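Listed in order, the protein sequences are those of chains R and W. Using the UniProt record's numbering, read the first sequence as starting at 1 and increasing by one per residue. Using the UniProt record's numbering, read the second sequence as starting at 1 and increasing by one per residue. No residue lacks a Cβ here, since even glycine has one placed at the ideal position from N, Cα and C. What you are looking at is a predicted structure, and each value in this text was computed from that prediction instead of being measured.
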Amino acid sequence: MNHNPQSSDGKQDDDSALSDFLASLMDYAPTIPDELVEHYLAKSGFQCPDVRLIRLVAVATQKFVAEVASDALQHCKARQAAVVKDKREKQQKDKRLILTMDDLSKSLREYGVNVKHQEYFADSPSTGIDPASREE
Amino acid sequence: MKDGGFENKKELENSKNQSKSSKFYIKSDDFALAIAKVAVAQVCESVGFQSFQHSALEALSDIIVWYIYNLGKTSNFNANLAGRVEANVFDVIQGLEELESGLGFAGASDVNRCVANLGIVRDIVHFFGDGGDITFAYEVPWFPVVKEWKRIGSFWEKGEDPHGEHIPSWLPAFPDPDTYATQSSVGNGTMSASNEVKNGRVERKIERPLLNFQQQFAHNGNEGGSSHVGGGKG
Chain R
1 MNHNPQSSDG KQDDDSALSD FLASLMDYAP TIPDELVEHY LAKSGFQCPD VRLIRLVAVA
61 TQKFVAEVAS DALQHCKARQ AAVVKDKREK QQKDKRLILT MDDLSKSLRE YGVNVKHQEY
121 FADSPSTGID PASREE
Chain W
1 MKDGGFENKK ELENSKNQSK SSKFYIKSDD FALAIAKVAV AQVCESVGFQ SFQHSALEAL
61 SDIIVWYIYN LGKTSNFNAN LAGRVEANVF DVIQGLEELE SGLGFAGASD VNRCVANLGI
121 VRDIVHFFGD GGDITFAYEV PWFPVVKEWK RIGSFWEKGE DPHGEHIPSW LPAFPDPDTY
181 ATQSSVGNGT MSASNEVKNG RVERKIERPL LNFQQQFAHN GNEGGSSHVG GGKG
């Protein structure tokens with residue numbers, strides 16, 4: 001990182017904050033392993049011998065996953081709350097929080113990722129057509 | 001985390017059979033994708049989910065892989081734009097800016113900003129500070145593993161004489177004659193049963209070393225081809 005001798009105190013604080021953060025990354029490993037991140041970064045042509053940058057990418061990715069997952073969790077809880085209002089007895093059963101494609105696609109839409117899950121898969125093009133027209 | 005997406009046992013068995021048959025369709029990325037799935041599942045568990053649908057987990061891990069790949073591509077592009085081969089932290093931060101630009105972030109409109117004071121970096125710092133330390137569940141070896149290239153050896157190395165003056169001695173040596181010997185032993189209708197059996201056995205005896213040679217050649221050839229995947233690490 002560049003250390004400009006004429007920089008103001010604010011900039012020096014920012015630089016030191018960033019370098020402190022990068023140093024702290026080395027103490028606590030993020031959940032996404034370094035090997036996985038390095039594999040995909042190497043595939044994309046990213047070259048850097050500094051492990052701290054790998055950790056930075058891993059932490060950024062983990063943050064992204066956490067945000068998407070927490071948004072999906074909000075959708076899931078909102079859906080369960082709407083259902084539970086009517087059926088109090090089934091409340092105990094519905095306590096399990098499941099990550100579904102529905103909630104995931106809703107939360108990903110806000111991040112600009114369009115994920116649509118197939119409703120069903122048909123065996124052949126004529127599935128679901130009236131038997132009379134199918135014979136034709 | 002338990003799988004809560006299946007309604008009955010039959011569906012579960014069907015899906016297992018399906019995954020067994022898809023084993024033959026092996027993508028080169030399967031190992032990395034499996035690791036990504038475990039990592040994503042761990043993060044989802046820490047957020048509060050108790051189970052997941054398989055399709056949802058696969059979709060999310062695909063997106064994560066795409067995210068890492070895209071971040072690397074953008075950072076590399078920024079570094080090249082600045083006339084560098086190796087990326088530095090500012091390239092990565094700019095790459096993060098581009099990926100999150102749909103949502104917006106604090107400090108983007110400020111012309112005199114220091115990139116280290118951006119909302120993105122602060123968000124990451126806060127996230128890292130708040131979140132608990134979740135270590136990955138498995139020990140991950142370094143991959144892809146690059147096998148050693150088993151060289152066949154040149155004429156000169158083997159101490160053999162090339163079969164003619166037109167063949168230089170630094171070329172790889174020919175394989176042993178046993179591996180490519182062809183005995184004409186095609187059975188036709190006029191031959192007796194015992195002869196056919198004998199010829200069949202001889203054919204099989206010849207075919208086995210030929211098969212081994214072909215396998216060895218393909219094996220060595222694949223090693224040479226696959227080494228480029230791990231060639232990024234110098």
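Query                                                                                                                                                                                : Result
Mark asparagine 188 (chain W) as exposed unless 16 or more other C-beta atoms lie within 10 angstroms of its C-beta, in which case mark it buried.                                   : The predicted position of asparagine 188 (chain W) is uncertain, since its pLDDT is 49 and thus under 50; a value taken from the coordinates is nonetheless stated next. Asparagine 188 (chain W) comes out exposed.
Would you say phenylalanine 6 (chain W) lies against chain R (beta-carbon separation less than 8 angstroms)?                                                                         : Its pLDDT being 45, under 50, phenylalanine 6 (chain W) is placed unreliably by the model, and the measurement read from it follows with that caveat. Answer no: the Cβ-Cβ gap between phenylalanine 6 (chain W) and chain R never drops below 8 angstroms.
Identify whether residue 244 (chain W) lies in helix, strand or coil by the three-state DSSP scheme.                                                                                 : Past the boundaries of the shown model lies residue 244 (chain W); chain W is included only from 1 to 234, so the question cannot be answered.
Mapping the DSSP letters down to three states, classify aspartate 15 (chain R) as helix, strand or coil.                                                                             : helix
Confirm the yes/no value for this check: CB of glutamine 42 (chain W), any heavy atom of the ligand GTP, distance under 7 angstroms.                                                 : Only the bare structure without any ligand can be found here, which leaves the ligand GTP out of the picture.
Please determine if the region 62-73 of chain R and the region 104-111 of chain R are in contact, where contact requires at least 3 C-beta pairs separated by less than 8 angstroms. : yes
Helix, strand or coil for isoleucine 120 (chain W) per DSSP?                                                                                                                         : helix
Alpha helix (DSSP H) containing threonine 74 (chain W): first to last residue?                                                                                                       : 54-81
Closest Cβ-Cβ distance between serine 21 (chain W) and chain R: below 8 angstroms?                                                                                                   : A caution first: serine 21 (chain W) carries a pLDDT of 47, below 50, which makes its placement in the model unreliable, though a value can still be read off. Not one chain R Cβ lies under 8 angstroms of serine 21 (chain W).
Cβ atoms of phenylalanine 46 (chain R) and serine 46 (chain W): under 8 angstroms apart, would you say?                                                                              : no
So, does the CB of lysine 106 (chain R) fall closer than 8 angstroms to a CB anywhere in chain W?                                                                                    : no
Note the first and the last residue of the continuous alpha helix (DSSP H) segment covering residue 142 (chain R).                                                                   : The first residue shown for chain R is 1 and the last is 136, placing residue 142 (chain R) beyond what the model contains.
Any idea what DSSP makes of isoleucine 93 (chain W), helix, strand or coil?                                                                                                          : helix
Is there contact here, the region 30-44 of chain R with the region 90-97 of chain W, by at least three beta-carbon pairs under 8 angstroms?                                          : no
Does any C-beta atom of chain W lie closer than 8 angstroms to the C-beta of proline 33 (chain R)?                                                                                   : yes
With C-beta atoms as the reference, is glycine 72 (chain W) less than 8 angstroms away from tyrosine 40 (chain R)?                                                                   : yes
Excluding sequence positions up to five away, which residues of its chain have a Cβ less than 7 angstroms from the Cβ of tyrosine 120 (chain R)?                                     : none
Going by CA-CA distance only, name the one from W:Glu86, W:Ser61, W:Tyr138, W:Pro168 that's closest to valine 115 (chain R).                                                         : W:Ser61
Check the Cβ-Cβ distances between leucine 96 (chain W) and every residue of chain R, and say whether any is below 8 angstroms.                                                       : yes
By alpha-carbon positions, which one of W:Glu98, W:Tyr138, W:Arg122 ends up nearest to tyrosine 111 (chain R)?                                                                       : W:Glu98
Starting from isoleucine 35 (chain W), trace the alpha helix (DSSP H) in both directions and tell me its first and last residue.                                                     : 30-47
Is the CB of alanine 122 (chain R) under 8 angstroms away from at least one CB in chain W?                                                                                           : no
Shorter than 8 angstroms from the beta carbon of lysine 73 (chain W) to some beta carbon of chain R?                                                                                 : yes
From which residue to which residue does the alpha helix (DSSP H) around phenylalanine 155 (chain W) run?                                                                            : 155-158
Is it true that the CB of glutamate 160 (chain W) sits closer than 8 angstroms to the CB of alanine 173 (chain W)?                                                                   : yes
Is there a C-beta anywhere in chain R that falls below 8 angstroms from the one on phenylalanine 49 (chain W)?                                                                       : yes
Would glutamate 38 (chain R) be called buried (16 or more neighbouring beta carbons within 10 Å of its own) or exposed?                                                              : buried
How would you write the range of the alpha helix (DSSP H) that leucine 108 (chain R) sits in, first residue to last?                                                                 : 101-109
Give the secondary structure of serine 126 (chain R) by DSSP, where H, G and I count as helix, E and B as strand, and everything else as coil.                                       : coil
Where does isoleucine 98 (chain R) sit, in a helix, a strand or coil, going by DSSP?                                                                                                 : strand
Comparing C-alpha positions only, which one of R:Val59, R:Asp34, R:Gln62, R:Lys63 sits nearest to proline 49 (chain R)?                                                              : R:Asp34
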